[in-house]
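For the sequence shown, the working numbering gives the first residue as 11, with consecutive numbering after it.
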Amino acid sequence: MAELLKIDGISKTFAPGTIHEKKAVEDLSLTLWPGDFAAIIGSNGAGKSTLFGAIAGSFYPDRGKILLDGADITLLPEHRRSRQIGRLFQDPLKGTAPHMTIEENLALAYLRTTRHRSPLGIIGKRDRERFRERLAALGLGLEDRMRSPVGLLSGGQRQALTLLMATLVTPKLLLLDEHTAALDPATAEKVLALTKAIVAEQGITCMMITHNITAALALGNRTVMMDRGRIVLELSGEERAGMTVPRLLELFKEKVSRELDNDRMLL
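If you want it as structure tokens, here you go:
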């Protein structure tokens, strides 16, 4: 089986040579296999979102390579990568056009990710029926509001719609950047359940940033812990299955010679 994602020694420094210089990611390597669901954890400033930005093409790394399904995408523009990589952000307002309708947002997502079709292409009756079916599967009643502007939706409805847009055409890789963190607990639980169901149904290779250590050990099949731009721990298989939060904190201290200092992760 070939790797789905191979990150080979990437580094990124922002504002180099200035007083604001920050090494965000340093000599980071990671391999994901088809169907992997990796939970990414680390304190603020660990480099998690920078890693996602490098994969999605928000910027180019200073060094290293990124390969997706065997193809070198290191210098591929972000809009080209978006045909193969879906991404959700913490802010439900990102990823959708609020003044456009639900149907129009879905059409844009579909046309952007469909090969050989222009974003200015035509959406037919069959496409609309497919949109309605996929919306109905969310269980939020959005299939009856396809002509409603997205700006009228609640945060949870909007995040669920963004998830659907990102997976309408099955991506090779799905990046979830704390996509439930801004939602109330009940809504977050529902969106997470939808996420797990869609990822499992479509067999999507997925990376999810979370600040919840318990969730990082329970969700998916791999746990990756970052600190100061590097990966300090990778857990999978029996080692991960038998891991506890206290033991994980001990391992972190052994690796970096200090305590984890992020209260949000410990709650």
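Every residue, glycine too, gets a C-beta built ideally from N, C-alpha and C. Computed from a predicted model, the values in this text were never measured in an experiment.
Task: methionine 217 in three-state terms, based on DSSP - done: Counting from 1 along the sequence shown, the entry for residue 217 is found at position 207. Residue state, collapsed to three classes: strand.
- [ ] Please specify which runs of the beta strand (DSSP E), each continuous and at least 3 residues long, are wholly inside the segment 136-222, giving them in chain order.
- [x] 183-187, 215-219
TODO: Using alpha carbons as the reference points, say which of Leu116, Ser53, Leu145 lies closest to glycine 134.
DONE: Sequence index remark: in the sequence shown, residue 134 carries index 124 (1-based). Minimum Cα distance to glycine 134 is reached at Leu116.
- [ ] Within its chain, find whatever has a CB closer than 8 Å to the CB of glycine 230; leave out the 5 residues flanking it on each side and keep chain order.
- [x] Within the sequence shown, the letter at position 220 stands for residue 230. Counting only Cβ-Cβ distances below 8 Å, and skipping sequence neighbours, we find Asp46, Phe47, Ala48, Ala49, Cys216, Met218.
Task: Rounded straight-line distance, which links the Cα of aspartate 18 to that of glutamate 264 - done: As a position in the sequence shown, residue 264 is number 254, starting the count at 1. As a position in the sequence shown, residue 18 is number 8, starting the count at 1. Each residue's Cα considered, the two are about 25 Å apart.
TODO: Identify which residue in Lys16, His30, Ser59, Thr28 has its Cα closest to the Cα of tryptophan 43.
DONE: Looking up residue 43 in the sequence shown gives position 33. Among Lys16, His30, Ser59, Thr28, the Cα nearest to that of tryptophan 43 belongs to Lys16.
Open item on the list: Quick check on DSSP: helix, strand or coil for arginine 240?
Closed with: By 1-based counting over the sequence shown, the position of residue 240 is 230. DSSP, reduced to helix, strand and coil, places arginine 240 within a strand of the structure shown.
Open item on the list: Using 8 Å as the threshold, is the C-beta distance between threonine 233 and isoleucine 65 below it?
Closed with: Position 223 of the sequence shown, counting from 1, holds the residue named residue 233. Position 55 of the sequence shown, counting from 1, holds the residue named residue 65. Taking 8 Å as the Cβ cut-off, threonine 233 and isoleucine 65 do not qualify as a contacting pair.
Task: Cβ neighbours of threonine 28 in the same chain (closer than 8 Å, five flanking residues each side left out) - done: Here residue 28 corresponds to residue number 18 of the sequence shown, with the count starting at 1. Closer than 8 Å at Cβ, skipping near neighbours: no residue.
Task: Euclidean distance between Cα positions of leucine 40 and threonine 190 - done: Counting from 1 along the sequence shown, the entry for residue 40 is found at position 30. Counting from 1 along the sequence shown, the entry for residue 190 is found at position 180. Straight-line Cα distance between these residues: approximately 24 Å.
Open item on the list: Ignoring anything shorter than 3 residues, give me the beta strand (DSSP E) runs that lie fully in the segment 36-123, in order along the chain.
Closed with: DSSP runs (the beta strand (DSSP E)) wholly in the segment 36-123: 47-51, 73-78, 95-98.
TODO: In angstroms with no decimal places, state the Cα-to-Cα distance between glutamate 139 and proline 102.
DONE: As a first step, residue 139 is located in the sequence shown; it is residue number 129 there, counting from the start. As a first step, residue 102 is located in the sequence shown; it is residue number 92 there, counting from the start. Roughly 25 Å between the two C-alpha positions.
Task: Expected contact under 8 Å - CB spacing of arginine 157 and glutamate 113 to nearest Å - done: Here residue 157 is taken as the residue at index 147 of the sequence shown, counted from 1. Here residue 113 is taken as the residue at index 103 of the sequence shown, counted from 1. Right, their Cβ atoms sit about 6 Å apart.
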